[in-house]
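Keeping their order, the protein sequence lines are chains A and B.
Everything in the first sequence is counted per our numbering, starting at 13 for the first residue and increasing by one.
Everything in the second sequence is counted per our numbering, starting at 8 for the first residue and increasing by one.
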Amino acid sequence: MTKYVGKNIPRLDGYDKATGRGLYTTDIYLPHMLHAAVLRSPYAHAKVISVDVSEAEKMEGVVAIATKDNTPRTYFNATASMFLTNLPDKPVLDQQIFSDVVRYIGDEVAAVAAETEAIAKEALKKIKVVYEELPAVYNVDDAMKDGAPQVQPDFSPGNNVCGGVVKIRYGDAEANWDKGEVFAETKVYMQRIKQAQLETHGAVADYNPKGHLKVYSTTQTPYPAKMILATIFDMPASNVHVKNPPYVGGGFGVRIGLSAKAEAIASALSILAKRPVKYIYSRSEDFLTSDSRHEGYIVSKISAMKDGTFVALDTRAYMNTGAYATLGVELAGVTGANGTSGAYRFPNIHYDGYVIYTNQETAGAFRGFGAPQGAFALETCVDQLAKQLGRDPLDLRLQNALRDGDEWWFPYPITSCKLMDCLKEAAKSIGWDEKRGKKQTGTIRRGVGIGCGTHVSNGAPFCLDYNAAFMRIEVDGSLLVSSAVPEIGPGSTTGLLQIAADAVGVPMENARFAFGDTDVAPFDVGSHASRTLYSAGYLLVRLAVDLREQIFEWAGKFLDVDPSTLDLVDGQIVSKCDAAEPHIEPTPLSYLAHQAHLRAKQFVVSGCKAPTNSPPFHAHAAEVEVDMETGMIKVLKLAAAHDVGVAVNPILVEGQIESGLIMGLGYALREEMTYQEGKGFYNDSYHKYMLPTMDETPEMESIIVEGFDPDGPFGVKGVGECGMIPTAPAIVGAVEDAIGIRFYEIPLTPGRVLKKIKEVYGD
Amino acid sequence: MKERLVTTVNGRRIERYVDPSMRLVDFLRDELLLTGTKIGCKQGECGACTIIMNGTAVLSCIMPVMKAMDAEILTIEGLEKDGKLHPIQDEFIKGGAIQCGFCTPGFIMGAKALLDENPSPTSEEVREELSGHICRCTGYKKIEDAVLKAAERLREEKDD
Ligand code: FES
Ligand code: FES
């Protein structure tokens, strides 16, 4: 019986956040602090011949100006992939703080630190830059042509393929292809979208000339950020301290590693100025100059038997990764793995993923990490196959869905799988049987659709998953848990403390969590890959066993009883229920800990242990309404059934699912970064980027399918990204059910929908 | 040239000489260090900087500071009274309406202004009124529920 796991404990940071007390990077004001502004390239591709700062330097209030001429030229990768890539793979290190070539509109050229932000911005206007424009390339197909302009000639010589082609082979798709009797093929296009987290990227760097660098940061991975900075500035990592303040205003993958270049630029300026420097991205900088989701296209082919059994899957993905690699290569792996080939029984798989450099804003990690793209491609093809076979799409999925005990190609087993239940529950909630396949004629037509998928509970074994933590019983008997996980929003720090309190046997009120800070907490890779609760929790549960043992051993001596008869329940040392009588008087841990401290004994455990991986599964169903006259689509309901093992805190789990649902709705229907040649992306503000708002929220039902994962702590699996993955497939499927038109390109904007309606039905 | 500004913030009279070109949000955050009011865009497009001025919700990021002259301003820091959370704050915490929390102060202030004016809003009215606030984390559902629950509690408190 758990006291906290499984309960809707109000999140521990709720009070701070609801009262305005909670600090974020933008709330850090240090004595003597300067403010930064950054000069960015107006060209998509150009050589930077010279940067003349002499006029700007003379301005009153300008303290330091950083350019390629006075900052380190070290090559790095601004994301955690720089340190998490497993051998023999190597991370692509293709970024510099400022370089001789600018590769997209918005690329960094210089930065100013001044007494006020206004002065810093004014000074930018006085910096004279001489550029020599180079030919540029903007999309995957052009970039792959012979003789295309080279975006990163040093890192993809002769072509624009970033990091090489990502290949997945399982069984033998080629040899077995013709064993199938029915063949479906689809090609889908997906747009670039932006994380648009509410807190823009930012950092406050405080360099001490004695050689210590402290950085308040919006990173979702403090330790990797620390290591990247140490490399850039050639400092011992131990002299670099990265700290969330402790809160971070959202992440969604965009700050795995550095927060764009905020930390690097603020640090470079602080080193030059020898004063603290604050650099907060404007909303427009955030939109235009930090990683986005990859746009691109995917061709999927399924070979199947006439009875619907899948024989083989062939997928080719072409993704626009923009000017720099960041996490593009890893992402193409996940697109092929979890995205396209993780939810069904495919005995033969062939996947090639091409990540292509272009002269656009970089694409990198964004909730789902390539899986939403992969799922949209695959689910479109599954729907297509269902149509060819004359089968109900739900039925075909149920026939081929993975289930407990199945083998698959991943280097870790399917530890638990309730995908069938997810599909059935989602379908039931949406009213599949009554609603699907109703021919309609009016102006407003309704339909239902379904999609499913899988994801990960951490990055392993595709990239390193490393977590260290310590737990200590303080002199007052309280529990201190320390691990450098961040709190970017999901409530991981609350969930982890629920796990720790239950595992150790102390009241949660007497437990505290030191997180998000590389000086107070041991190495953890941070928040990504839906891993935090699963991975860090996995370790805490194991550490708790050791901690309890230490306590019992000492308590045994102190109380003069056999340690093996002792238990720790709710902060009291007691005899185990089944221990022989007489039972001891319950002894408060606070008393015991104090006595132990007086006798120079501390209860402390520290360790590092990474789990393998446990795949979560999920299915979403959507009901939509399409207006045949305007092309407007209204989502009436989204039903999301998730197999996340045990929900440590159901309300927080629902929060993750609902969050992903609305993001998925935006992806399917409206969000889109639009490129204008010569100008860059049009969407430089919330106003120009159509995020879903409150008035459009459909009815949502999150169904947590009861499960238990044998590897997860208390049965937990990852959930953070899952809500995003099968949403677009479900909505696009529902639109087809409503109006008989299949869309192979998202988002389904009214213009795009109306055009198709006119093509098919006439004016 | 600095100008003299007299205003009341969270019940406290403030007198300062300020740069009149400043926006109110910068005055609150940079000068008064009331950093609970957040900046999500500084263009009047996200609602994160919402405060209550003379009883109405306003976007402090596009409000010139001198508009605060002789005004009564309430920011998120002024909502908790005598160690007791306002029911909206409480319901946001209990109902899972907070994730990263960056939109939260703005949402709570927007909701307060709404409920002050309309103590019994329908679901549609809440959605309509608060649709100028962006939240990228929650999916909005739990925020809507929290506001409706808080409204109910406030009505009950009034009846008592
Ligand atoms: S910060 Fe004022 S509306 Fe966004
Ligand atoms: S809670 Fe993060 S933006 Fe609303």
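C-beta: ideal position from N, C-alpha, C; glycine also.
Just so we're clear, the structure is a prediction, and the values are computed from it rather than from any experiment.
Interface flag, residue i vs chain A, CB-CB below 8 Å
i	result
leucine 40(B)	yes
glutamate 84(B)	yes
glycine 146(B)	yes
glycine 43(B)	yes
isoleucine 115(B)	yes
lysine 49(B)	yes
leucine 92(B)	yes
arginine 160(B)	no
phenylalanine 34(B)	no
alanine 120(B)	no
glycine 108(B)	yes
Any non-hydrogen atom of ligand 1 closer than 7 Å to residue i Cβ
i	result
glutamine 372(A)	no
glutamate 711(A)	no
glutamine 385(A)	no
glycine 501(A)	no
leucine 580(A)	no
threonine 209(A)	The question names threonine, but residue 209(A) in the sequence shown is glutamine. No, the beta carbon of glutamine 209(A) sits no closer than 7 Å to any heavy atom of ligand 1.
glycine 47(B)	yes
glycine 261(A)	no
alanine 55(B)	yes
glycine 73(A)	no
glycine 214(A)	no
leucine 476(A)	no
cysteine 620(A)	no
glycine 52(B)	The residue asked about is misnamed: residue 52(B) is glutamate in this sequence, not glycine. Checking the Cβ of glutamate 52(B) against ligand 1 gives yes.
cysteine 142(B)	no
Cβ of residue i within 8 Å of any chain B Cβ
i	result
glutamate 718(A)	no
methionine 706(A)	yes
methionine 685(A)	no
methionine 712(A)	yes
lysine 29(A)	yes
histidine 699(A)	yes
glutamate 733(A)	no
tyrosine 293(A)	no
aspartate 153(A)	no
proline 502(A)	yes
Residue environment, residue i, which counts as buried when at least 16 other CB atoms sit within 10 Å
i	result
lysine 569(A)	exposed
proline 710(A)	buried
arginine 85(A)	exposed
leucine 167(B)	The sequence as given places aspartate at residue 167(B); leucine does not occur at that position. When all chains shown are included, aspartate 167(B) counts as exposed.
glycine 730(A)	buried
histidine 362(A)	buried
Beta-carbon proximity of residue i to residue j, cut-off 8 Å
i	j	result
serine 542(A)	glutamate 733(A)	yes
valine 493(A)	glutamine 562(A)	no
leucine 491(A)	alanine 533(A)	no
leucine 601(A)	isoleucine 585(A)	yes
leucine 134(A)	valine 50(A)	Note that residue 134(A) is glutamate in the sequence shown here, rather than leucine. In this structure, valine 50(A) does not lie closer than 8 Å to glutamate 134(A) by Cβ.
lysine 430(A)	valine 717(A)	yes
glutamine 209(A)	glycine 262(A)	yes
valine 114(A)	tyrosine 55(A)	yes
cysteine 464(A)	alanine 631(A)	yes
histidine 47(A)	alanine 132(A)	yes
phenylalanine 245(A)	leucine 225(A)	yes
alanine 30(A)	isoleucine 100(B)	yes
leucine 325(A)	alanine 377(A)	no
Residue i: CB within 7 Å of a non-hydrogen atom of ligand 2
i	result
threonine 111(B)	yes
threonine 145(B)	yes
isoleucine 105(B)	yes
Within chain C, partners of residue i - CB distance below 7 Å
i	result
lysine 101(B)	Protein chains in the displayed structure are A and B, and chain C is not among them.
Curious, which full-length alpha helix (DSSP H) runs of at least 4 residues does the stretch 225-295 of chain A contain?
-> 234-244, 274-285
Taking only runs that begin and end inside the stretch 537-584 of chain A, name each unbroken beta strand (DSSP E) of 3 or more residues, in chain order.
-> 578-581
Could you tell me which uninterrupted beta strand (DSSP E) segments, each at least 3 residues in length, are contained entirely in the stretch 605-692 of chain A, listed from first to last along the chain?
-> 615-620, 629-639, 645-655
Within the stretch 307-389 of chain A, note down every full alpha helix (DSSP H) run reaching 4 residues or more, in order along the chain.
-> 340-346
Scan the stretch 410-494 of chain A and note each continuous alpha helix (DSSP H) run of 4 residues or more that stays entirely inside, going in chain order.
-> 431-442, 444-447
Length-filtered (4 minimum) alpha helix (DSSP H) runs lying within the stretch 51-103 of chain A = 66-70, 93-96
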